[in-house]
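Below is one structure, written out as structure tokens, with a few remarks after it.
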Amino acid sequence: MVLTSALPNLVSLEIEVADPLAETQRRVVGVDVGQRYLAVTASIQDGASFYSGKQVRAKADHYARLTKRLQHKGTRSATRRLMAIAGRERRLKQDCNHLISRRIVEKHPQSIIGLEDLTHIRERTKRKHGKCASKKQRKANRHASKWAFAELHGYIAYKALRSSSMAVKVDAHCTSQACPRCGYTSPTNRPNKGLLFVCQSCHYSLHADLVGARNITLRTLLARQDWASTGSLSVTPDVSSDEAKAARRLRYAELRWSLDASPQL
Ligand SMILES: [Zn+2]
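With positions in the sequence shown counted from 1, the corresponding number in the working numbering is that position plus 15.
Spelled out as structure tokens, the structure:
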């Protein structure tokens, strides 16, 4: 199979890769991206990894604040500095996304790498202002910069192909609210939208970002199982009808994170 990929800043690139097969892509890993950790991965065989990016995040926030100040000035020299800062900020994020994607892909060769369909990511990171904003939200708002998650996904998908892996997108619906142990799904499973996930039904508790990554892994496992049984791999969630969406979410509700119950890989 010849794969053509248009990466940002590259005209086009062609690489020769082997056709993916359900037999060769034996492992599954889920990747959650977000504000606290740029990426968290969960896999049944290799456990979890957290990619913090705290320092680059602070630097990106610094650039974003500087940009805001310079925009207010509006002088010609301010404009020149703005352009330079924009370039530096873009390169900073690109370098970090390259690094994270490379580490994830190198750690998970011959895998199906599950990513969230980010179409609705804006909904999840919507900012609240004023009186209604909780303490936690005001803290989150301190992130002056937006991270380029779509770019990070793109890099992972591209690099995956070079190590006999392949990225697929899964439905992002409620990945942070569903209990991976009992399936109970509710926003109250994240008390105060905090760091800890606490299932209000079975009291299972875990780092909230790891819950997201595990749910993505489970959904990716489902896609892989369907691939093995039907011979066709769905690389993005089917959004053609409400019925398809509802049927998929019913199947998601049956998924459980348990080492014993995991399908033989
Ligand atoms: Zn539970």
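All residues carry an ideal CB built from backbone N, CA and C; glycine is no exception.
Sort the options by Cα distance to residue i and report the nearest one.
i, options, result
"W242", "H218, L107 and I127", "I127"
"R217", "Q240, I231, T235 and R271", "Note that residue 217 is Cys in the sequence shown, not Arg. The option with the nearest alpha carbon to C217 is R271."
"Y78", "E104, L53, T94 and D253", "E104"
"V213", "S178, N230 and A193", "A193"
"L114", "V250, A73, H87 and H168", "H168"
"W162", "C111, A93, G102 and I100", "C111"
"S273", "L107, G49 and G62", "G62"
"G209", "R118, Q50 and K260", "Q50"
"Y173", "L211, S116 and L221", "S116"
"A175", "R118, H222, L221 and C189", "R118"
"Q240", "H222, T94 and R266", "R266"
Going by other Cβ atoms of all chains shown within 10 Å of its Cβ, with 16 needed for buried, is residue i buried or exposed?
i, result
"P202", "exposed"
"D186", "buried"
"M181", "buried"
"S191", "buried"
"H144", "Confidence at H144 is low in this model, with a pLDDT of 49, below 50, so its placement is unreliable and the value that follows should be read with caution. Under this definition H144 is an exposed residue."
"A262", "exposed"
"G68", "buried"
"S255", "exposed"
"R229", "buried"
"A99", "exposed"
"L211", "exposed"
Under 8 Å between the Cβ atoms of residue i and residue j?
i, j, result
"T56", "V46", "yes"
"N207", "Q215", "no"
"D224", "S160", "no"
"V71", "L107", "yes"
"K83", "D132", "no"
Can you give the beta carbon distance from residue i to residue j, rounded, assuming they're within the 8 Å contact cut?
i, j, result
"G129", "T232", "6 Å"
"S178", "V250", "Between V250 and S178 the Cβ distance is about 17 Å, and since that is not below 8 Å, they are no contact."
"A259", "L248", "Contact flag wrong, Cβ pair sits at about 16 Å."
"A123", "R41", "The sequence as given places His at residue 123; Ala does not occur at that position. About 11 Å separates the two Cβ atoms, so there is no contact after all."
For residue i and residue j, what's the separation of their Cα atoms in angstroms?
i, j, result
"R196", "A268", "11 Å"
"T235", "V44", "8 Å"
"A101", "S58", "36 Å"
"L81", "F164", "22 Å"
"R142", "H158", "Any reading at R142 must be qualified, since the residue scores a pLDDT of 48, below 50, and its modelled position is unreliable; no value is offered."
"V286", "D253", "Only positions 16 to 280 of the chain appear in the structure, and residue 286 is not among them; the question remains open."
"E166", "S244", "32 Å"
"D257", "R264", "11 Å"
"A73", "A54", "16 Å"
"Y66", "S92", "37 Å"
"I171", "T134", "17 Å"
"L97", "G89", "10 Å"
"Q60", "Q125", "13 Å"
"H87", "Q109", "27 Å"
"Y219", "S64", "20 Å"
"C189", "G246", "28 Å"
"L85", "H222", "39 Å"
"G198", "Y52", "24 Å"
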